[in-house]
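Position 47 of the sequence shown, counting from 1, maps to 47 under UniProt numbering, and the rest follow consecutively. Note that beta-carbon positions come from the ideal geometry of N, C-alpha and C, so glycine has one too.
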Amino acid sequence: MGCKALDVVYLDQGSANENKVLRLLGGGSVNSKAAVVPDEDFEKAMISAYMTYVVCETSDPPVLIPLDSQCHRMPTKEILQTDSAFIFDFITEVYVWLGRQTKSEQRRIVQKLAAEKFAEGYYKLNMEQKNPALSRVTHTNTGAHASRKISVTAETLPNSGRRGSKPQGGRRASVSQGRHQKKELVQRPSHSLLLQLFEGSEWVIFKEKFCDWPDESRIIRMKGGASAVGEVTKEVSTEIQIQPVDVATMIPEQPLTKMVLDNMDIGRGRGIPKGMDGYHVITLDVKTWHVHENQSILLPDESFGQFHSGEGYVIRWQYRIVKVRALRNCDDVMKAGGMERCCYFFWLGNDCSVNEEGATAVMTIELDREKGPQIRVVLGKEPPALLQLFDGSMIIHAGKRPVNGVRREYSDKSLIRLYCVRNEEEAEACLLQVPASYESLRSRTSFVLLLCEQGEVLLWHGCKSNEGTRKAAEHAVQNLIQNHPEEASIADKSEIGLVEIEEGEEPEVFWMALGGREAYGSLLEDTKDYSNLSPRLFHMESQTGQFVAHEITSPSKSALHNCPFPILQDDLYNVEQPAIFMVDAIETVYLWFGWWPDDEEGTEASNSRRRRWDEERRKAMESAVSYAKEVGRSLDFMYAVYAGLEPEGFIELFPYWVVQEDITELQLDEGIEEEEIYNITEELEMFSKEFYTIEELREKPPPKGVDPTKLEKYLSEEDFLAVFNFSKDTFMKLPGWQQVNWKKKLDLY
């Protein structure tokens with residue numbers, strides 16, 4: 001913060017120096033408590049004005065885009081990605097946050113836009129006149145404030161340093177002023193700060209603005225170094241205290257996801273079931289826009305339900321809710337009238353860039369003239385209310401769609417395509433394109449194989465595909481044939497052929513299209529009944545200080561049908577790493593361990609996090625064993641798997657899977673063996689091993705569960721004496737710097 005004071009003076013109200021301090025704060029007497037806004041109310045008002053921005057670099061010039069889900073609230077830490085840059089506007093503090101992998105040009109642009117945003121001012125809060133922290137608005141602060149202070153000068157801010165000046169770029173003006181167009185834009189107080197922070201070097205004052213940033217003082221307890229005068233450092237406990245998960249909280253299954261719009265539960269988008277009193281939802285109109293950079297393109301009726309994994313879309317749903325009264329022995333009576341409502345979904349493919357995601361969010365705001373709810377949806381996590389809008393016609397193709405003046409053709413030109421059938425209710429059926437290979441097949445669902453040149457559709461049912469999945473697949477295929485969408489690239493024939501195939505009875509053309517018949521995870525010889533088997537996924541973490549397990553569920557899970565694939569690879573890979581997940585596959589229980597990010601190796605902070613990571617893995621294994629005993633799972637079929645090196649049996653629990661080769665390389669560098677299956681009870685014994693030989697401790701990386709900052713403690717008393725030539729007690733009495741020197745000398749550091 002730039003403070004260089006050598007002394008701190010403590011003041012009580014009424015003390016001799018009180019008047020001097022009050023003059024520095026602007027003069028006047030201290031207001032009575034009743035004359036000022038309560039702190040809680042003022043803090044709520046401040047938080048409601050918080051803004052989070054990303055830069056849309058595809059526009060000319062680049063503009064700031066507010067992240068709607070992170071504005072007018074405390075932001076969440078999960079948005080901070082290592083290749084991204086963000087601007088956080090907290091009124092008196094504006095921060096530029098830069099990830100480690102951001103490019104120099106990206107940093108230059110975000111710094112310039114942050115300086116403009118800082119000088120532009122902020123929108124006056126209704127209650128700030130009564131709060132001295134904001135009422136003394138004088139001039140924009142340009143003084144030097146620490147090494148990360150961004151210089152704000154006339155040269156760097158053309159047309160932006162004067163109040164009332166027009167922001168650069170029409171887009172930014174419309175976005176940033178949309179919610180505040182009736183409020184007064186004022187300059188920031190003179191004590192306001194414009195600061196630049198880098199990933200991993202965030203200040204506490206910045207972290208406290210986030211609702212979920214873990215309190216590191218509760219997570220890591222470090223041992224202090226030697227004092228300034230060289231006396232022996234006092235021993236401070238570095239043991240990481242984590243308790244296993246309370247497995248009683250994991251056993252009850254989570255209720256089905258509800259969708260509440262305008263304070264009304266709309267169920268799966270159709271309202272209450274027939275024969276019950278309540279509300280019924282009637283869809284009036286559905287429109288879909290494809291978003292490309294700074295433009296939205298309304299899709300024609302022929303493209304209804306057609307999406308691409310590399311694009312962003314905005315879906316406008318206009319509907320009416322009416323009161324329904326169920327009468328005995330006759331049809332339901334529907335009350336006339338009902339208010340028309342509107343909801344906007346912005347759907348993001350899993351191959352969208354950050355800029356494309358931001359542009360889609362902005363277009364949602366611009367298209368939403370009714371000011372209805374806006375819901376962010378990512379591929380694979382579509383709520384039933386969105387899926388049912390297309391009545392089984394939703395198809396997600398790979399790649400990107402053409403755009404006038406940019407791309408003339410679809411990016412995916414393949415003429416042999418394989419689609420996985422998702423969801424179990426006919427109206428919610430969705431086809432998702434996966435690699436056209438035998439490795440993509442799953443016995444617990446159905447697939448649609450398109451031979452585009454021949455105009456043939458092959459509907460393949462896995463031997464364990466349940467009734468709901470089969471009916472959904474048949475409904476989706478009939479829609480595909482009837483609609484004949486251009487996006488599917490099927491030859492323009494008057495009639496499309498349909499062949500329905502059962503697993504084990506495939507014609508030769510089927511295997512030829514998939515590159516040959518090879519072994520895959522078929523369940524043809526498995527006699528188990530899978531009709532009621534649905535895996536469960538738990539995310540285990542301790543960011544709040546307590547080790548807990550959160551169940552991850554599918555928003556489209558139905559009460560009428562078993563869901564064979566409720567979890568996705570993205571659930572594991574798209575969280576902050578290293579992460580821990582437990583998968584209860586009924587017959588088998590897996591613990592999935594993520595990867596260690598390839599940065600900060602060897603630093604004290606990295607070593608501390610590794611110690612915590614090892615302890616979390618140990619407690620996760622203990623928790624998994626307790627869970628297995630509680631629900632009656634066999635301890636012989638509990639395995640630890642590692643990201644990038646997942647075995648086939650684990651991969652087949654997911655509807656589709658993409659091998660991440662970069663993660664595989666990281667894990668191999670960590671000493672994890674490829675295609676190795678680790679029994680959890682054996683792994684737990686290894687993590688709990690008390691002593692190792694000197695040769696084992698000198699290995700890089702050290703054995704699993706070993707604290708890399710305290711390798712010496714894993715030597716037995718005899719081995720320690722043989723290596724150091726003195727006892728452990730003598731070593732512990734040495735000053736910290738001498739301990740470090742001894743460890744370096746003996747290659748134990």
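Pick out whichever of Gln111, Arg470, Leu387 and Thr257 has its Cα sitting closest to the Cα of Leu194.
From the listed residues Gln111, Arg470, Leu387 and Thr257, the smallest Cα separation to Leu194 is found for Gln111.
Cys420: buried (16+ other C-beta within 10 angstroms of its C-beta) or exposed?
So Cys420 ends up on the buried side.
How about Gly497 and Glu456: are their beta carbons less than 7 Å apart?
Yes, the Cβ-Cβ distance between Gly497 and Glu456 is below 7 Å.
Exposed or buried, Phe390, counting other C-beta atoms within 10 Å across all chains shown (16 or more means buried)?
Taking a 10 Å sphere around the C-beta of Phe390, we find 16 or more other C-beta atoms and assign the residue as buried.
Cutoff 6 Å; reference Val94; Cβ partners in own chain excluding five residues on either side
If you ignore the 5 residues before and after Val94, its C-beta comes within less than 6 Å of the C-beta of Phe118 and Leu194, all in its own chain and listed in chain order.
Range of the contiguous beta strand (DSSP E) that encloses Ala549:
Following the DSSP letters along the chain, one finds Ala549 inside the beta strand (DSSP E) bounded by residues Val548 to Ile552.
Option nearest Ile79 by Cα separation, candidates Gly310, Arg73, Glu576 and Ile672:
When each option's Cα is compared against that of Ile79, the closest is Glu576.
State yes or no: is the C-beta of Ile297 within less than 7 Å of the C-beta of Phe345?
Annotated as distal: Ile297 and Phe345, with beta-carbon spacing of 7 Å or more.
Take Ile501 and list the residues in its own chain whose beta-carbon comes closer than 8 Å to its own, dropping the five residues that flank it on each side.
Cβ neighbours of Ile501 beyond the five flanking positions: Leu458, Leu459, Trp460, His461, Pro507 and Phe510.
Apart from the five residues on each side of it in sequence, which residues of its chain come closer than 7 Å, Cβ to Cβ, to Gly69?
One detail in the question is off: residue 69 reads as Ser in this sequence, not Gly. So the list reads Arg376, once near-sequence residues are dropped.
Nearest-angstrom Cα distance between Ala385 and Val286?
Rounded to the nearest whole angstrom, the C-alpha separation of Ala385 and Val286 is 12 Å.
Tell me Ala85's beta-bridge partners as DSSP assigns them.
In the DSSP assignment, the residues bridged to Ala85 are Leu98.
Whose C-alpha, out of Ser437, Leu451 and Ser393, is nearest the C-alpha of Glu426?
That would be Ser393, whose Cα lies nearest to the Cα of Glu426.
Can you check which of these residues, Gln196, Ile396, Leu721 and Trp317, is closest to Phe307 by C-alpha distance?
Nearest C-alpha to Phe307: Ile396.
Would you check if the region 250 to 268 and the region 554 to 561 touch, i.e. whether three or more CB-CB distances between them fall below 8 Å?
Judged by Cβ distances under 8 Å, the region 554 to 561 makes contact with the region 250 to 268, as three or more pairs qualify.
Looking at the structure shown, is Arg268 part of a helix, part of a strand, or coil, going by DSSP?
In the structure shown, Arg268 sits in coil (DSSP, three-state: anything other than H, G, I, E or B).
Given Leu449 as reference, the closest of Leu418, Arg470, Asp571 and Lys464 once Cα atoms are compared
The shortest C-alpha separation from Leu449 is found at Leu418.
Inter-residue Cα distance where the pair is Val55 and Ala49
Using only the alpha carbons, I get a separation of about 19 Å.
Would you check if the distance between the CB atom of Glu541 and the CB atom of Ile242 is smaller than 7 Å?
No.
How long is the line joining the alpha carbons of Gln569 and Leu348, rounded to whole angstroms?
CA-to-CA, the gap between Gln569 and Leu348 works out to about 16 Å.
Could you give the residue range of the alpha helix (DSSP H) that holds Ile481?
Ile481 -> alpha helix (DSSP H) spans Glu467 to Asn483.
Based on the DSSP secondary-structure assignment, which residues constitute the bridge partners of Ala248?
According to DSSP, which records beta bridges pairwise, Ala248 is partnered with nothing at all.
Quick check on DSSP: helix, strand or coil for Glu699?
Secondary structure at Glu699: coil, using DSSP grouped into helix, strand and coil.
Contact belief for Asp89 with Met51 at Cβ below 8 Å, rounded distance in angstroms
About 4 Å separates the CB atoms of Asp89 and Met51; that is less than 8 Å, so the two are in contact.
Closer than 8 Å is the cut-off here; do at least three beta carbon pairs connect the region 612 to 626 with the region 682 to 689?
At 8 Å Cβ cutoff, the stretches touch.
Leaving out five residues on either side along the sequence, give the residues of the same chain with a beta carbon under 6 Å from the beta carbon of Leu441.
So the qualifying residues of the chain are Tyr520.
Three-state secondary structure (DSSP) at Pro158?
For Pro158, the predicted model reports a pLDDT of 33, less than 50, meaning its position is unreliable; a value from the coordinates is still stated below. If DSSP states are grouped into helix, strand and coil, Pro158 belongs with coil.
Is Tyr573 helix, strand or coil when you go by DSSP?
Reduced to three states, the DSSP call for Tyr573 is helix.
Buried or exposed: where does Asp529 fall if 16 or more other Cβ atoms within 10 Å of its Cβ makes it buried?
The residue is exposed, with fewer than 16 neighbouring Cβ atoms inside 10 Å.
Going by DSSP in three states, Gln254 sits in which element: helix, strand or coil?
Residue state, collapsed to three classes: coil.
Which one or two residues does DSSP pair with Ile297 in a beta bridge?
Looking at the DSSP assignment, Ile297 forms a beta bridge with His290.
If we ignore side chains and look at the alpha-carbon of each, how far apart do Arg100 and Thr82 end up?
Taking the straight line from one Cα to the other gives about 5 Å.
What are the partner residues of Asp584, as DSSP defines its beta bridges?
The secondary-structure analysis by DSSP pairs Asp584 across a beta bridge with Arg536 and Val589.
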